[in-house]
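In terms of mature numbering (1 follows the signal peptide of the UniProt record, and there is no 0), the sequence shown is residues -22 to -1, 1 to 235.
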Amino acid sequence: MNKWLSSSAMVAALIVSQSAMAASKPTIVLVHGAFAESASWDGVAAKLVKDGYPVVAVANPLRGLKYDSDYVSAVLKSIDGPVVLVGHSYGGSVITDVAVEGTNVKSLVFVAGLAPDNGESAGSLGKKFPTGTLGDALAPPVVQPDGKHDLYILQSKFWKQFAADVPEPQAALMGAEQRPVTAEALNDPSGDPSWKKLPSHFIYGTADKNIPTELHEFMAKRAGAKETVGVKGASHVVMISHPDLVSAMIERAAADK
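In structure tokens:
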């Protein structure tokens, strides 16, 4: 009986210790981009959770920049304690546009993410370095009842365009399960950017066909990034093909002062 009590006490102490460790670390809020969904963070989230970080993978609505950023801002305000805010692709535009005032966001991580300045959009940024091939890979828009136009990547082109460094069967599932973004969201102008107020980190794949390397480097330099990592040969979904590198950067951002 005493042995059982001792074991129970040890288990209870371990649970309390793990809870305290999680409470002492910032919450990592992950915002997916267009043509993706929250499961695109699975590898990254698994590593972060294993290392004791609380994680929230937000279901980005992909309906419009203000709508999406307001939605994420509301999620942020519901979280106690410090937050590291992470955005992939168009999700980078969303974390750029969030209202960080009144939240505990301490740093930003752009994962193959867009970082527009005031008045810029995803579309206008693409025109600065027009070597991306996304436009040629899109299916005809699907007109919604509200008049907005949903965009999808053609499934036949999804692997090579979006996720060329993951196995083809996995990319085929990703293409089948992709969530559309409205064309309007990609052309909505950004407001006052959060990266002018907070430290930022950038990681991207050098074989990204959605956002060219030159644009990634331009945005990171303009934001005064604390660090910029180009993963050689990685595609637009660097968080899926290289989750350890991405999670390691997020953990470094969690140490920002």
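Note that the Cβ used here is the ideal one computed from N, Cα and C, for glycine as well.
As the structure is a computational prediction, the values presented were derived from the model and not from experiment.
Ala23 and Val89 have their alpha carbons spaced roughly 14 Å apart. In its chain, beyond the 5 residues on either side, Tyr45, Asp46 and Tyr49 have a beta carbon closer than 8 Å to the beta carbon of Pro39. CA-to-CA, the gap between Tyr31 and Lys3 works out to about 6 Å.
By the Cβ-count criterion, Ser134 is exposed, with fewer than 16 other Cβ atoms from all chains shown falling within 10 Å of its own Cβ. In the DSSP secondary-structure assignment, Phe180 is bridged to Phe88 and Thr206. Of all alpha-carbon atoms in Ala14, Val64 and Lys28, the one lying nearest the alpha-carbon of Leu8 is that of Val64. In the three-state DSSP reduction, His214 falls in the coil class, being neither helix nor strand. The beta-carbon distance between Pro171 and Asp95, rounded to whole angstroms, is 6 Å. This is short enough to meet the 8 Å contact definition. With contacts defined as CB atoms closer than 7 Å, Val76 and Ser56 fail to qualify as a contacting pair.
For the pair Gly69 and Gly101, the Cα-to-Cα distance works out to about 14 Å. Put simply, of Asp143, Ala161, Ser18 and Ile131 the residue whose alpha carbon is nearest the alpha carbon of Gln122 is Ala161. Residue environment: Asp58 is assigned as exposed (fewer than 16 neighbouring CB atoms within 10 Å of its CB, all protein chains considered). Scanning Pro177, Lys210, Val83 and Ala163 for the CA closest to the CA of Ala142 turns up Lys210.
Beta-bridge partners assigned by DSSP to Thr160: Asp128. For Leu151, the enclosing alpha helix (DSSP H) stretches over residues Glu146 to Glu155. Residue pairing for Thr5: DSSP places it in a beta bridge opposite Val61. In this structure, the beta-carbon distance from Ile6 to Val36 does not fall below 7 Å.
A distance below 7 Å separates the beta carbons of Gly91 and His66. In this structure, Pro158 sits near Leu129, with a CB-CB distance shorter than 7 Å.
Collapsing the DSSP output to three states places His66 in a strand. Within the same chain, and ignoring the five residues on either side of Glu229 in sequence, the residues whose Cβ sits closer than 8 Å to its Cβ are Leu26, Asp29 and Tyr31. Bounds of the alpha helix (DSSP H) holding Val50 are Leu43 to Lys55. Taking one beta carbon from each stretch, the segment 178 to 187 and the segment 213 to 220 have 3 or more pairs nearer than 8 Å; the two touch. DSSP links Ala35 through a beta bridge to Leu8.
From the listed residues Val61, Val72 and Thr74, the smallest Cα separation to Lys84 is found for Val61. The Cβ atoms of Ala149 and Trp137 sit closer than 7 Å to each other. With distances taken between CA atoms, Leu86 lies nearest to Glu205 out of Ile218, Leu223, Glu205 and Ser219.
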